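Everything on this sheet refers to the single structure shown next.
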Amino acid sequence: MTEYWFSKIKQFRRVATRFEKTANHYVAIFTLAVTVIWIR
């Protein structure tokens, strides 16, 4: 099941490439990506 989530999260370029420089911003974008996946 975790492999499924990782493959879904990799679709979000900002999360997959760690585009955000600070940890707080990265966690916020990660949370947003997981929320979008969960809503779909």
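The opening residue of the sequence shown carries number 0 in numbering that gives the first Met the number 0; numbering runs sequentially from there.
Every residue gets a Cβ at the ideal spot worked out from N, C-alpha and C, and that includes glycine.
In this text the structure is predicted, and so the values were computed from the model without any measurement.
| Item | Value |
| --- | --- |
| DSSP state of E19 mapped onto helix, strand, coil | coil |
| Through-space distance from K9 to Y3, alpha-carbon basis | 10 Å |
| Element boundaries [alpha helix (DSSP H), containing F11] | Where F11 is concerned, there is no enclosing alpha helix (DSSP H), given that its DSSP letter is neither H nor E. |
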